[in-house]
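J.: Numbers in the numbering used here are just positions in the sequence shown, counted from 1, shifted up by 159.
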Amino acid sequence: MMRTPLIAGNWKMNKTTAEAAVLSQDISNRFYKDFTPDVALCPPFIDLKTVRNVLAFDKSPIKLGAQDVFWEDSGAYTGATSPVMLREEGVSYCIVGHSERREYFAETDEMVSRKAKALLAHGITPIICVGEGLKKRDEGAQAAIDFVVAQVQAALQLLAPEDIKRIVIAYEPIWAIGTGRTATPESAQEMCASIRTCLADNAGAEAAQAIRILYGGSMKAENAAFFAPMPDVDGGLIGGAALDAANFIDIVKAFL
Ligand code: PGA
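#1: Kindly indicate which three-state DSSP category K274 falls into: helix, strand or coil?
#2: Is it buried or exposed, G337, if we count other Cβ atoms within 10 angstroms and call 16 or more buried?
#3: Would you mind working out which of I326, M270, D268 and G299 sits nearest L279, comparing C-alpha positions?
#4: Assess contact between the region 184-199 and the region 211-221, defined as three or more Cβ pairs (one per stretch) separated by less than 8 angstroms. Is contact present?
#5: Return helix, strand or coil for I287, following the three-state DSSP convention.
#6: My guess is that D197 and T176 are in contact by the Cβ rule of under 8 angstroms, so how many angstroms apart are they, rounded?
#7: Do K222 and P203 come within 8 angstroms of each other at the CB atom, strictly closer than that value?
#8: Is G282 near the ligand PGA - that is, is its Cβ less than 7 angstroms away from at least one heavy atom of it?
#9: Across which residues does DSSP place G168 in a beta bridge pair?
#10: Could you pull the start and end residues of the alpha helix (DSSP H) that I372 belongs to?
#11: Write down every uninterrupted run of the beta strand (DSSP E) in the region 333-384 whose length is 3 residues or greater and which is fully enclosed by it, in chain order.
#12: Mapping the DSSP letters down to three states, classify A235 as helix, strand or coil.
#13: Quick check: the Cα distance between I328 and P285, rounded to an integer number of angstroms?
#14: So, is R371 buried or exposed, given that buried needs 16 or more other C-beta atoms within 10 angstroms?
#15: Check the C-beta distance from L373 over to Y330 and give it rounded, since I have them as a contact under 8 angstroms.
#16: Give a single yes or no on whether A169 has its beta carbon closer than 7 angstroms to a heavy atom of the ligand PGA.
#17: Applying the 10 Å Cβ sphere with the 16-neighbour rule, what's the burial state of L200?
#18: Select from A380, R296, E248 and D322 the residue whose C-alpha is nearest the C-alpha of A362.
#19: Restricting to Cα atoms, I'd like to know which of L245, A383, A275 and C351 is closest to F306.
#20: So, under 8 angstroms CB-CB, G376 and A335 are touching, yes? Tell me the CB distance rounded to an integer number of Å.
#21: Mind checking P114: buried by the 16 CB within 10 Å criterion, or exposed?
#22: DSSP three-state label for V392, please.
#23: Is the CB of A352 under 8 angstroms away from at least one CB in chain B?
#24: Measuring alpha carbon to alpha carbon, tell me which residue in T163, M161, R162 and A167 is nearest I397.
#25: When DSSP builds the beta bridges, which residues end up paired with G224?
#26: Would you kindly check if the distance between the Cβ of R261 and the Cβ of D227 is under 8 angstroms?
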């Protein structure tokens, strides 16, 4: 089964509206329409419309993504953004369960599953993030795998088997995020293969083969080419390097 790689840029809490216009235009200018990987930009909520307009004006195949969502359609939830709102804004992907949301915003496995379910109900692809901390990694590869597989299992909790094939998983070891330290391509592969086995147990082998599993954690142009050949690594969730148009596009090229 050939999976189309996905490269998603997670801008985190960076870029004002004016800066977002410049960065998305720079990325769009460097992007060739015959690039084969799927590409998504995930700016802060407030920048979505700006980035959308830049991409629409250029008739760019680059997709729009968000970094979070709340699971209700509307109501008295101050500060929250619903999947209905994201859909109307033209959002195709939405990150859920990023380790920063788990750490700073107390996001639990149950919340991750609710968010993923709500997104799928509105035709938005959730990019479900999982990953172990350094302490768990230091207990050994198997301990890390058990931890991450349990996170995946919990995220799938509320999803119907036929919906699971529409998700994306991002494996992001916490100790590799923003640290300049990456997992080795081999250990990323080992983890992504274990995640795929878990997906097969939940949704069947065929669905598991169709699901994209990304690696994230200090991926950049200089190392992306080492991850691209790994059979179960289907792209990247890019943080820091997504803020540099040339570097981001070079990562895309590594997955051509
Ligand atoms: P990084 O972030 O590429 O800066 O390590 C990745 C992420 O947190 O999604």
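We treat Cβ as the ideally placed atom computed from N, Cα and C, and that holds for glycine.
T.: By the coordinates alone:
#1: Residue 274 sits at position 115 when you count from the first residue of the sequence shown. K274 falls in the helix class under three-state DSSP.
#2: For the purposes of this step, residue 337 is identified with residue 178 of the sequence shown, where counting begins at 1. With fewer than 16 other Cβ atoms within 10 Å, it is exposed.
#3: By 1-based counting over the sequence shown, the position of residue 279 is 120. Taking only the C-alpha atoms, the option nearest L279 is I326.
#4: yes
#5: As a working mapping, residue 287 is identified with position 128 in the sequence shown. If DSSP states are grouped into helix, strand and coil, I287 belongs with the strands.
#6: Here residue 197 corresponds to residue number 38 of the sequence shown, with the count starting at 1. Here residue 176 corresponds to residue number 17 of the sequence shown, with the count starting at 1. Not a contact, Cβ separation roughly 25 angstroms.
#7: Here residue 203 is taken as the residue at index 44 of the sequence shown, counted from 1. Here residue 222 is taken as the residue at index 63 of the sequence shown, counted from 1. No, these two residues do not count as a Cβ contact at 8 angstroms.
#8: Mapped onto the sequence shown, residue 282 falls at position 123. Not under cutoff, so the answer is no.
#9: Counted from its first residue, the sequence shown places residue 168 at position 9. Per DSSP, L200 and I397.
#10: Translated into the one-based positions of the sequence shown, residue 372 becomes position 213. It is not in any alpha helix (DSSP H) - I372 instead sits in the beta strand (DSSP E) that spans R371 to G375.
#11: 371-375
#12: One-based indexing of the sequence shown puts residue 235 at position 76. If DSSP states are grouped into helix, strand and coil, A235 belongs with coil.
#13: Working through the sequence shown from its first residue, we reach residue 328 at position 169. Working through the sequence shown from its first residue, we reach residue 285 at position 126. When rounded, the distance between both Cα atoms is 8 angstroms.
#14: Counting from 1 along the sequence shown, the entry for residue 371 is found at position 212. With 16 or more Cβ atoms within 10 Å of its Cβ, R371 is classed as buried.
#15: Mapped onto the sequence shown, residue 373 falls at position 214. Mapped onto the sequence shown, residue 330 falls at position 171. Right, their Cβ atoms sit about 7 angstroms apart.
#16: As a first step, residue 169 must be located in the sequence shown, where it is residue number 10. Checking the displayed sequence, the identity of residue 169 turns out to be Asn instead of Ala. N169 Cβ: within cutoff of the ligand PGA.
#17: Translated into positions along the sequence shown, residue 200 becomes position 41. Under this definition L200 is a buried residue.
#18: Here residue 362 refers to the residue found at position 203 of the sequence shown. Checking every option, the nearest Cα to that of A362 belongs to D322.
#19: The residue given as residue 306 occupies position 147 in the sequence shown. When each option's Cα is compared against that of F306, the closest is C351.
#20: Along the sequence shown, read from residue 1 onward, the residue named residue 376 stands at position 217. Along the sequence shown, read from residue 1 onward, the residue named residue 335 stands at position 176. Between A335 and G376 the Cβ distance is about 3 angstroms, and since that is below 8 angstroms, they are a contact.
#21: One cannot answer for residue 114 here, as it falls past the ends of the chain, which runs 160 to 415.
#22: Locating residue 392 in the sequence shown gives position 233, where the first residue counts as 1. Looking at V392 - three-state DSSP - the assignment turns out to be coil, as it is neither helix nor strand.
#23: Absence of chain B from the displayed structure is noted, only one protein chain being present.
#24: Your numbering for residue 397 matches position 238 in the sequence shown. Nearest option by C-alpha distance: A167.
#25: Position 65 of the sequence shown, counted from the start, is the residue given in the question as residue 224. Answer is Y252.
#26: Here residue 227 corresponds to residue number 68 of the sequence shown, with the count starting at 1. Here residue 261 corresponds to residue number 102 of the sequence shown, with the count starting at 1. Against a cut-off of 8 angstroms, the Cβ pair of R261 and D227 comes out as no contact.
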